Amino acid sequence: MKVFKTLALSALLATSAAPVSAAEQTLLNSSYDIARELFADYNPLFAAHWQEKTGESVTIKQSHGGSSAQARAIMQGLQADVVTFNQVTDVQVLYDRGKLIDKNWKENFPNSSSPYYSTTAFLVRKGNPKNIENWDDLAKDDVASVFPNPKTSGNARYTYLAALGYAQKAFGKDNTEQQDQFLKQLLANVAVFDTGGRGATTSFVERGIGDVLVTFESEVNNIRQQYGSDKYDIVVPKTSILAEFPVAVVERNAKRNGTTELATEYLSYLYSEKAQRLLADFNYRVHHPDVVKDNADRFPEVELLTVEAIAGSWDQAMKTHFASGGKLDQLQRR
Amino acid sequence: MPWAARQQRVLPGFGISLGVSLLFISLILLLPASGLIMQTSQMSWQEYWFAITDPRIVASYKVTAGAALIASLLNGVIGLLFAWVLVRYNFTGKRFVDALVDLPFALPTAVAGVTLATLYADNGWIGSVLANVGIQVAYTPLGIVIAMMFTSLPFVVRTVQPVLEEISQEEEEAGTVLGASDSAVFWRIILPTIKPALLVGVALSFTRSLGEFGAVIFIAGNMPYVSEITSLMIFVRLQEFDFPAASAIASVILMASLSLLFAINLWQGRYLKRIHGR
Numbered sequence: 001m002k003v004f005k006t007l008a009l010s011a012l013l014a015t016s017a018a019p020v021s022a023a024e025q026t027l028l029n030s031s032y033d034i035a036r037e038l039f040a041d042y043n044p045l046f047a048a049h050w051q052e053k054t055g056e057s058v059t060i061k062q063s064h065g066g067s068s069a070q071a072r073a074i075m076q077g078l079q080a081d082v083v084t085f086n087q088v089t090d091v092q093v094l095y096d097r098g099k100l101i102d103k104n105w106k107e108n109f110p111n112s113s114s115p116y117y118s119t120t121a122f123l124v125r126k127g128n129p130k131n132i133e134n135w136d137d138l139a140k141d142d143v144a145s146v147f148p149n150p151k152t153s154g155n156a157r158y159t160y161l162a163a164l165g166y167a168q169k170a171f172g173k174d175n176t177e178q179q180d181q182f183l184k185q186l187l188a189n190v191a192v193f194d195t196g197g198r199g200a201t202t203s204f205v206e207r208g209i210g211d212v213l214v215t216f217e218s219e220v221n222n223i224r225q226q227y228g229s230d231k232y233d234i235v236v237p238k239t240s241i242l243a244e245f246p247v248a249v250v251e252r253n254a255k256r257n258g259t260t261e262l263a264t265e266y267l268s269y270l271y272s273e274k275a276q277r278l279l280a281d282f283n284y285r286v287h288h289p290d291v292v293k294d295n296a297d298r299f300p301e302v303e304l305l306t307v308e309a310i311a312g313s314w315d316q317a318m319k320t321h322f323a324s325g326g327k328l329d330q331l332q333r334r
Numbered sequence: 001m002p003w004a005a006r007q008q009r010v011l012p013g014f015g016i017s018l019g020v021s022l023l024f025i026s027l028i029l030l031l032p033a034s035g036l037i038m039q040t041s042q043m044s045w046q047e048y049w050f051a052i053t054d055p056r057i058v059a060s061y062k063v064t065a066g067a068a069l070i071a072s073l074l075n076g077v078i079g080l081l082f083a084w085v086l087v088r089y090n091f092t093g094k095r096f097v098d099a100l101v102d103l104p105f106a107l108p109t110a111v112a113g114v115t116l117a118t119l120y121a122d123n124g125w126i127g128s129v130l131a132n133v134g135i136q137v138a139y140t141p142l143g144i145v146i147a148m149m150f151t152s153l154p155f156v157v158r159t160v161q162p163v164l165e166e167i168s169q170e171e172e173e174a175g176t177v178l179g180a181s182d183s184a185v186f187w188r189i190i191l192p193t194i195k196p197a198l199l200v201g202v203a204l205s206f207t208r209s210l211g212e213f214g215a216v217i218f219i220a221g222n223m224p225y226v227s228e229i230t231s232l233m234i235f236v237r238l239q240e241f242d243f244p245a246a247s248a249i250a251s252v253i254l255m256a257s258l259s260l261l262f263a264i265n266l267w268q269g270r271y272l273k274r275i276h277g278r
């Protein structure tokens with residue numbers, strides 16, 4: 001009881017003390033589920049930079065969840081100042097449905113407002129017993145794969161589109177019949193459709209389900225570091241997809257909170273060398289030339305197809321493939 | 001309200017207490033329900049029909065209702081047994097077991113789901129044993145049944161228990177003395193008395209299972225047309241930012257649960273009337 005009292009008292013003090021030190025600004029970063037550790041490391045880096053630049057200290061709060069769910073929360077009133085998502089559509093929806101961000105948000109920062117990127121890769125069990133080297137191996141009869149449900153996970157939408165991109169190259173862009181056949185088989189081989197990327201990781205690693213986990217290359221590397229290189233091997237297919245991690249200032253919230261300048265700086269500092277090194281440490285691919293050179297051996301050369309090249313645009317991809325009654329629904333129909 | 005004021009009550013103020021009750025019912029039950037109706041009212045009938053009859057959704061109704069039916073029936077048997085043991089026998093740790101029955105209510109369902117998935121996976125404690133005899137539980141419809149049974153078992157136990165406690169042993173003894181076999185005593189004396197409570201428990205267990213989400217999705221495997229539950233389909237529609245379609249599917253579950261509860265209430269009323277003549 002006493003502990004509770006002190007807690008309540010200190011909480012009260014904290015809230016009442018906040019307006020006094022007006023120099024202290026707060027920033028809320030709304031991000032995707034598996035970026036928790038990344039931003040926990042980035043925030044102190046940025047806070048030091050901001051202190052040096054302006055002499056002010058800053059408190060950065062993090063909010064994590066599936067990025068579609070986060071976008072929904074912001075539309076319903078979550079006061080996030082910036083978003084750092086893993087899918088363009090989840091940012092775009094903030095403009096389309098609520099005019100919460102700038103119309104030309106993609107041009108506000110370099111590289112289409114994506115400070116880092118990744119691709120889709122495979123994690124297989126040690127020694128690669130099923131000999132999985134490329135996308136076509138995932139459609140073989142005796143291979144069970146694990147990736148989340150494309151309906152609920154941006155991560156899995158990249159997987160689906162990467163497989164489609166491979167099929168377009170292998171069978172010809174117009175040969176939709178063979179592409180469909182391939183995708184159908186690949187989808188039928190999925191052992192568990194978890195609702196998110198971390199769930200799929202748990203199914204593959206903890207529960208021992210399936211022969212191959214298909215997820216972001218960054219996640220594949222993190223798992224291998226965490227669970228040991230003696231248990232898993234990494235396979236990066238020769239052809240894969242460019243998975244961008246877009247960022248944007250939620251202008252309406254930032255304006256109200258008086259954090260526009262801070263929010264903008266928070267995102268542009270992601271392009272600095274220090275931040276890019278940190279991102280590379282978390283196994284993301286980055287743009288800074290020096291950092292790229294230093295990490296060349298860790299990120300194999302891969303042909304990265306863009307969503308635009310595979311499906312026209314994200315908007316188009318959502319409509320034709322992932323909307324209800326779309327291609328994905330048809331391919332999974334029984 | 002003279003008929004209420006006529007008698008001295010322990011708690012005074014019939015008017016105000018009824019008012020407060022109605023206010024809370026409105027805020028907590030009716031407001032969300034009307035919000036749901038408002039969301040769906042943005043759709044035309046055709047859109048509504050299209051949203052709720054998508055083949056994948058229909059498949060999920062079958063999986064959900066089928067698994068809920070099996071789970072609640074099994075719970076009827078197991079719950080009755082549980083209640084019987086708790087009422088009729090004395091053993092050490094009885095109070096602990098009694099408290100344990102409520103665990104599924106106290107535990108966040110997501111925790112239950114993760115735990116069950118761990119136990120029943122092919123490399124889990126229970127799953128590895130079952131896998132030896134060729135039964136796979138996790139990531140199949142069977143897993144859904146298990147998860148639903150877990151979260152809704154207390155309903156049966158807690159509705160049957162007090163009724164069992166009230167049955168006087170004299171009736172049973174009378175039956176035995178008059179030469180009835182044990183099974184006849186059970187079928188003709190015990191079962192008729194607890195039948196309404198048992199049925200209500202099973203029905204509550206069924207309606208709860210219809211809406212269960214957290215515990216199920218971790219163990220279901222979520223394969224389209226095989227092990228996708230309706231609540232997951234609502235979640236999927238929300239992820240697509242298709243709020244009206246999500247509400248439309250939710251309204252189907254709401255209506256199913258409401259009509260079932262209503263039917264049970266009606267039946268129970270009639271049954272009690274027959275028994276007690278009031």
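If you're matching them up, the sequences are chains A and B in order.
Under full-length UniProt numbering, read the first sequence as residues 1 to 334, first letter to last.
Under full-length UniProt numbering, read the second sequence as residues 1 to 278, first letter to last.
Where a beta carbon is used, it is the ideal one built from N, C-alpha and C, also for glycine.
Bear in mind that the values here come from a model prediction, so they are computed numbers and not experimental data.
* So, does the CB of G66 of chain A fall closer than 9 Å to a CB anywhere in chain B? -> yes
* Measuring only between beta-carbons, confirm whether M223 of chain B sits less than 9 Å from chain A. => yes
* Asked: Looking at I78 of chain B and the ligand ATP, is the gap between the Cβ and the nearest heavy atom below 8 Å?
  -> The model on display carries no ligand, and the ligand ATP is accordingly not part of it.
* Determine the closest residue to R97 of chain A out of B:F243, B:S247 and B:I253, with distance taken between C-alpha atoms. => B:F243
* Asked: Is the CB-CB distance between P104 of chain B and L153 of chain B below 9 Å?
  -> yes
* To do: Kindly indicate if chain B contains any beta-carbon less than 9 Å away from that of N149 of chain A.
  => yes
* Contacts around P148 of chain A, its chain only, beta-carbon distance under 7 Å, and the 5 residues preceding and following it disregarded -> N155, A156, F193, D194, T195, G196, G197, G199 and A200
* Asked: Using the rule of at least 16 other Cβ atoms within 10 Å of the residue's Cβ for burial, across every protein chain shown, is K103 of chain A buried or exposed?
  -> exposed
* Asked: So, is the C-beta of F322 of chain A closer than 9 Å to a C-beta in chain B?
  -> yes
* **Exposed unless 16 or more other CB atoms sit within 10 angstroms - verdict on K327 of chain A** => buried
* **Selection from A:D137, A:E219, A:L305 and A:N189 that minimises the alpha carbon distance to A280 of chain A** => A:E219
* Own chain partners of V20 of chain B with C-beta closer than 6 Å, once the 5 adjacent residues on each side are dropped -> none
* **Chain-ordered residues of the region 91-117 of chain A with a beta carbon less than 8 Å from chain B** => V93 and R97
* Helix, strand or coil: which one does DSSP assign to L187 of chain A? -> helix
* **Residue-level contact to chain B via CB, T152 of chain A, 9 Å cutoff** => yes
* Asked: So, helix, strand or coil for A138 of chain B, using DSSP?
  -> coil
* Asked: Taking C-alpha atoms, which residue in B:L18, B:I194 and B:G143 lies nearest to G79 of chain B?
  -> B:I194
* **D81 of chain A at chain B interface by Cβ criterion, 9 Å** => no
* To do: Can you grab the Cα-Cα spacing for the pair G76 of chain B / S181 of chain B, in whole Å?
  => 24 Å
* Could one say the Cβ of T201 of chain A lies closer than 9 Å to chain B's Cβ atoms, at least one of them? -> no
* Asked: For A243 of chain A, which beta-bridge partners are listed by DSSP?
  -> A:S118
* Give the single residue among A:L183, A:Q276 and A:R298 whose Cα lies nearest to the Cα of L45 of chain A. => A:Q276
* C-alpha distance - Y284 of chain A paired with V205 of chain A, whole-angstrom precision -> 21 Å
* To do: Say whether chain A places a C-beta atom closer than 9 Å to the C-beta of residue 284 of chain B.
  => One cannot answer for residue 284 of chain B here, as it falls past the ends of chain B, which runs 1 to 278.
* By Cβ distance, which residues of its chain are closer than 8 Å to K238 of chain A, with the 5 residues on each side in sequence left out? -> N134, V302 and E303
* Asked: How would you list, in chain order, the residues of chain B whose beta-carbon sits under 7 Å from the beta-carbon of A171 of chain A?
  -> The sequence as given places Phe at residue 171 of chain A; Ala does not occur at that position. The contacting residues do not exist; F171 of chain A stays about 24 Å from chain B at best.
* Asked: Is R334 of chain A helix, strand or coil by DSSP?
  -> coil
* Note down, in chain order, every chain B residue with its Cβ under 7 Å from the Cβ of F193 of chain A. => G221, N222 and M223
* **Straight-line gap, I234 of chain A to K126 of chain A (C-alpha atoms, nearest Å)** => 9 Å
* **A263 of chain B versus G201 of chain B - alpha carbon distance** => 14 Å
* **Own chain residues within Cβ distance below 6 Å of K231 of chain A, not counting five before or after** => K126
* To do: Could you give the DSSP three-state label for A144 of chain A: helix, strand or coil?
  => coil
* What residues from the region 232-252 of chain B come within 8 Å of chain A, judged by C-beta to C-beta, listed N to C? -> L232, F235, V236, R237, L238, Q239, E240, F241, D242 and A245
* Is A112 of chain B near I209 of chain A, with beta carbons less than 9 Å apart? -> no
* Asked: With DSSP run on the structure shown, which of helix, strand or coil describes I167 of chain B?
  -> coil
* Just the C-alpha distance for D98 of chain B and V156 of chain B, rounded to the nearest angstrom, thanks. => 13 Å
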